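Count along the sequence shown from 1, then add 1; that gives the number in my numbering. All residues carry an ideal CB built from backbone N, CA and C; glycine is no exception. All of these numbers come straight from a predicted model, not from anything done at the bench. Working notes, beginning with the structure itself.
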Amino acid sequence: MLILFPTILGALIAAHLAARVAQTRFDEFEGLPSLPKGS
């Protein structure tokens, strides 16, 4: 389990960063108001 922890943590961080990048690019290209963010 200790070996899987860094992998899971890294995947969560990567998914979070990807979601932020996708949200900002969507707002820029579409010109829509920002959607409410979870945090």
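Contacts around residue i, its chain only, beta-carbon distance under 7 Å, and the 5 residues preceding and following it disregarded
{"i": "A12", "result": "none"}
Any non-hydrogen atom of the ligand GTP within 7 Å of residue i CB
{"i": "A23", "result": "Summarising the ligand content, the structure contains no ligands, and the ligand GTP is consequently not present."}
Cβ shell of residue i (< 6 Å), same chain only, five flanking positions each side left out
{"i": "R26", "result": "none"}
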